[in-house]
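One structure is given below, encoded as structure tokens.
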Amino acid sequence: MKHSISILFLAAGLSLSAQVGINTDSPNAKLDVNGDINFRDKISVLNVMDNTLSQGNNDQILVSQGEGYPPIWKSLRIPEYEPNKFYLIFNNSFSDKTGIKFTNNEHSSIAAKNTAFTKGANISSLPGFKKIAGLSQPISVFSTDSKTYFQFETVVQANLPVNGTPDISIDYACGIFVDDKLVNLRQRNLKASSAASTFITHNQIGIVTNLSKGQHNVSVACSRLASYRTASDVVLAIGINADTNINSFITQSSLKVDVYEIPQVFNPIIN
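FYI, the numbering for the sequence shown is -20 to -1, 1 to 251, going by mature numbering (1 follows the signal peptide of the UniProt record, and there is no 0).
Right, dumping it as structure tokens:
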């Protein structure tokens, strides 16, 4: 009987007053409860599309749509992961059409390349390396157990003449960096061919394990290492054309990043 009278008084209070407070003298809403609430039956939400009351479905939760809008029911999905297995958590790809160029006077001053080109070398210790601007991008890592794969592709060209004897060629190198630390490097030689302004496709795949959790910056930088029998006006171009027999669309660079992790933090998906 007492419960029935209390409910009647509460209903009457709500109808007579703009705001009612329970355990508070200054309510901030039509019903302001300062304390715990136990629901023993159901919760219904107004569906503004057809003015019906919706109780939602099993395992759904109420999600706010912001001030002035009623909450709506949403399904909460948490991906199922098997322990100690790697899953693709982050992946992205980037492109660049600006590229970088090196004149005949822009050779790297690195003398002992076998000791300079080591894993973890800072880009500041590698003079002559230039970054490809559009490939400098942030990536995210969410677990301490991870494997990050990089796939870099570009076109390398020089306005070389037709080859002679001995060969006319240029040595160059490209490195993949994480937080300006070298994680992968490839050194190659561009040799003049039977046609002028020769070009080659450069492919490079790298991997680094167990990056620290958080955001990192990945970048690609290249350098002109040495030239053999080249004229003073010969330009080495990476990710951009050095002559008109190809264009910037053909020479553009791309970088693909895949981060595989053993999940430690689960990010719920709401739809």
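Built from N, CA and C at the ideal position, the CB exists for glycine as well.
- Take the alpha-carbon of Asn164 and the one of Ile103: they are about 12 Å apart.
- Per DSSP, Ala138 is one residue of the beta strand (DSSP E) stretching across Ser126 to Ala138.
- If you draw a straight line from the Cα of Val136 to the Cα of Asn221, it comes to about 8 Å.
- For Phe229, the uninterrupted alpha helix (DSSP H) segment begins and ends at Ser228 to Thr231.
- If you keep only unbroken beta strand (DSSP E) runs of at least 3 residues inside the region 7 to 77, you get 11 to 13, 25 to 27, 32 to 34, 40 to 43, 52 to 57 and 67 to 76.
- In this structure the region 121 to 138 touches the region 226 to 243; the number of beta carbon pairs closer than 8 Å is three or more.
- In the structure shown, Leu191 adopts coil according to DSSP, grouped into three states.
- Inter-segment contact for the region 100 to 120 and the region 142 to 149 is absent: fewer than three beta-carbon pairs are separated by less than 8 Å.
- With fewer than 16 other Cβ atoms from the protein chains shown falling within 10 Å of its own Cβ, Arg20 counts as exposed.
- Straight-line measurement puts the Cα of Gly155 at about 59 Å from the Cα of Ile23.
- Thr181 is bridged by DSSP to Val135.
- Under DSSP, Pro118 forms a beta bridge with Asn197.
- The beta carbons of Ser44 and Pro51 sit closer together than 7 Å.
- Residue state for Ala217 is assigned as strand, using DSSP reduced to three classes.
- The residues Glu133, in chain order, have a CB closer than 7 Å to that of Asn183 in the same chain once the five nearest residues on each side in sequence are set aside.
- Take the alpha-carbon of Gly36 and the one of Gly48: they are about 20 Å apart.
- Of the residues Arg168, Ile187 and Asp223, the one whose Cα lies closest to the Cα of Cys202 is Arg168.
- Take Asp147, set aside five residues on each side of it, and the residues of its chain with a beta-carbon closer than 8 Å to its own are Lys171, Ala172, Tyr208 and Arg209, in chain order.
- The C-beta of Gln195 has fewer than 16 other C-beta atoms within 10 Å across all chains shown, which makes the residue exposed.
- DSSP lists no bridge partner for Ile112.
- Around Asn71, the same chain offers Lys236, Val237, Asp238 and Val239 as residues with beta carbons nearer than 8 Å, after the five sequence neighbours per side are excluded.
- The alpha carbon of Ser34 has as its nearest neighbour, out of Leu26, Tyr67 and Gln40, the alpha carbon of Leu26.
- Out of Asp223, Ser228 and Ala206, the CA that lies nearest to the CA of Ala91 is found in Ala206.
- Excluding five sequence positions before and after Ser192, the CB atoms of its chain that fall closer than 8 Å to its own CB belong to Val121 and Thr124, given in chain order.
- In the three-state scheme derived from DSSP, where H, G and I count as helix and E and B as strand, Asn169 is classed as strand.
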